[in-house]
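Working notes, beginning with the structure itself.
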Amino acid sequence: MLGKKLALVVVAVALVLTPLSAGAQMNPRSKPTTVGPLSFDGNTYSGPDCKDGEFRRNGDTGRVVSKWTFCTFFYRYSRAQDNNSNRDFGAMWLATRVNPTNGWCARRVISLLGVQTSGTGRVHKRAPQGRSRGANRSRRVQTRLVVNAAGSGATKSVLKKHWTLHRGELKIRKFRREGFTNLRLGYKGPTKKTASFAAAFEMSWPQGGKPPSIFPELRALHVKPCST
């Protein structure tokens, strides 16, 4: 009887990003579709939009169990469409991908987007909505965030993108911890297929000031052999 080998791999790409001074499975490097007065801003936050790496069996020295990609995209809502004279509005989009390899499967994947709200930052809407999504087999789902400056916008904007949810269950949870408001997508498989996820927040900050810091995180638990 074959035994199971479990690899709990906590990503090394959990980091705080702060504003700088003055059909196939979803590709996380591909930006979401935008509708309305939203503009991509690739200069406000430090660091690259996307990072790539590997999860290994025993830290940095073990065999590769999966490869990951991790992208954050920041969008600003047009101030000309915003009737709130005190705050600026925008959206943060997080897209992640875990690609199991060498006979391993992703048993659990946790994708988390945190926005600092202990200071002047606020979050208003989140996507996906609800508490859970399930799939008896791989199916197409969509993350869709409506941005309208917390109700003060003259025109509604949308960020959206389809991705594939593989067989299993996705738990969706919003919570606050250590000054950050977080949106956690927790997938329970297992799956040997490439797993991708997308989450987003509408957020705001004082007009003319810096947007809040963000804390994106990706974790995965792998298993071998895989039964699916």
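Position in the sequence shown counted from 1, then plus 50, gives you the numbering used here. Glycine is no exception: its CB is placed at the ideal position from the N, C-alpha and C atoms. Every value quoted in this text rests on a predicted model; they were computed, and no experiment measured them.
Per DSSP, what kind of secondary structure is A72 in: helix, strand or coil? With a pLDDT of only 44 at A72, under the threshold of 50, the placement of this residue in the model should not be trusted; the figure read from the coordinates follows. DSSP places A72 in coil when its eight states are reduced to three.
Cβ shell of R187 (< 6 Å), same chain only, five flanking positions each side left out: R217
Around the C-beta of T83, are 16 or more other C-beta atoms found within 10 angstroms, so that it is buried, or is it exposed? exposed
Relative to the C-alpha of Y95, which candidate in A245, K260, R172 has its C-alpha closest? K260
Neighbourhood of S168 by C-beta distance below 6 Å, restricted to the same chain and skipping five residues each side: G229
Around the C-beta of V197, are 16 or more other C-beta atoms found within 10 angstroms, so that it is buried, or is it exposed? buried
How long is the line joining the alpha carbons of P275 and V159, rounded to whole angstroms? Roughly 17 Å between the two C-alpha positions.
A145 and T122: beta carbons closer than 9 Å? yes
Since L195 and K175 are thought to touch, with beta carbons under 8 Å apart, how far apart are those beta carbons, to the nearest angstrom? 6 Å
Does M51 pass the burial test, meaning 16 or more other C-beta atoms within 10 Å, or should it be called exposed? Per-residue confidence for M51 stands at a pLDDT of 34, beneath the threshold of 50, marking its modelled position as unreliable; the derived number appears in the next sentence. M51 counts as exposed, since fewer than 16 other beta carbons sit within 10 angstroms of its beta carbon.
Judging by CA-CA distance, which residue of G153, N77, F124, F90 is the nearest neighbour of R107? G153
Where R129 sits in the DSSP three-state scheme: helix
Presumed contact (8 Å Cβ cut-off) between Q75 and W213, rounded CB distance: 7 Å
On the DSSP letters alone, give me the boundaries of the beta strand (DSSP E) that K242 sits inside. Per DSSP, K242 belongs to no beta strand (DSSP E) and is neither H nor E.
If I'm right that N93 touches L162 with Cβ under 8 Å, what's the distance once you round it to whole angstroms? Actually they do not touch by this definition, with Cβ atoms about 24 Å apart.
According to DSSP, simplified to helix, strand and coil, what is A270? In this structure, A270 counts as strand in the three-state DSSP scheme.
With 16 other Cβ atoms within 10 Å as the buried cut-off, status of G317: Residue 317 lies beyond the stretch modelled for the chain, which goes from 51 to 278, so this question has no answer here.
Run the CB neighbour count on V114, radius 10 Å, all protein chains shown included, and call it buried at 16 or more, exposed below. Exposed, because fewer than 16 other Cβ atoms sit within 10 Å of the Cβ of V114.
Please report the distance separating the alpha-carbon of G236 from that of L220. 5 Å
Mapping DSSP to helix, strand and coil, what is A199? helix
Compute the Euclidean distance between the alpha carbons of A248 and A141, then round it to the nearest angstrom. 13 Å
So what does DSSP say about C155, is it helix, strand or coil? strand
Buried or exposed (CB count within 10 angstroms, at least 16 for buried), S207: buried
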